[in-house]
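Counting in UniProt numbering, the sequence shown runs from 1 upward without gaps.
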Amino acid sequence: MQCSKQMNDLRELILICRRKSLLHSIIGFNIMQDWKEIKDEKDIETLLDLYGHFHDGCLREVHIVTRESITKELSMTFDGHLTATLLFQRQYKNPTVIELRFDNVEKLNFNPPASQFNSIIYDVTFKKVDNLFYWASEDNWEIGDNDAVWISGESVFWRERPELIGQVNRLNDE
């Protein structure tokens, strides 16, 4: 009986952590360490100015984490929320590599370029509309334009990641 109550308490704690996005530390994210929250247009402009509007940059990696999982008892847990991290590198210093984290992703649109094109980013669109943040790989991008790489989510954080410059893979290619 006591063990059953502890399991229920643990399940409840996990649900609370998920709701507060604290589960990231368990699944490979560093809980808010060095992350800077983007709250408004001023924060967006500050990041765009710091990172040169992503000019001469590239999107190196995209990681998507669902909150769905199978327990040891083979039951399924889910809440429908996604977290995505996007790792960018650019040909300028201070900083050269940054990571954006979108929590509660609404949409991710990714179209790899055709073989005759490259993926160089010259300028981006980064804005907040209503309660969603949008980042797109093209300047003057409009919501609904699916030719660009773009993502939207309820909250956004960023941090520098200088140790991830070059062809570093964070996930195994096995």
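Ideal Cβ placement from N, Cα and C applies to all residues, glycine included.
Being a predicted model, the structure only gives us computed values, none of them experimental.
Between the segment 104-124 and the segment 138-158, the count of Cβ pairs shorter than 8 Å is three or higher; the stretches touch. Distance from the CA of Arg101 to the CA of Thr83, rounded to the nearest whole angstrom, comes to 7 Å. Around the beta-carbon of Glu73, fewer than 16 other beta-carbon atoms lie within 10 Å, marking it exposed.
Apart from the 5 residues on each side of it in sequence, Gly52 sits with its Cβ closer than 8 Å to the Cβ of Arg90, Tyr92 in its chain, given in chain order. Counting only residues of its own chain and dropping the five nearest sequence neighbours on each side, Asn118 has no CB closer than 6 Å to any other CB. Residue state for Ile64 is assigned as strand, using DSSP reduced to three classes. Residue pairing for Asn109: DSSP places it in a beta bridge opposite Trp150. With contacts defined as CB atoms closer than 7 Å, Arg67 and His55 fail to qualify as a contacting pair. Distances from the alpha-carbon of Leu48 to those of Gly166, Ile121, Ile165, Glu142 put Ile121 closest. Taking a contact as a CB-CB distance under 8 Å, the pair Thr125 and Asn140 counts as one, their CB atoms being some 7 Å apart. His63 sits close to Thr85, with the two beta carbons spaced by under 7 Å. The alpha carbon of Lys39 has as its nearest neighbour, out of Val156, Glu163, Ser115, the alpha carbon of Val156. A Cβ-Cβ contact shorter than 7 Å links Ile165 with Val97. Residue pairing for Lys36: DSSP places it in a beta bridge opposite Trp158.
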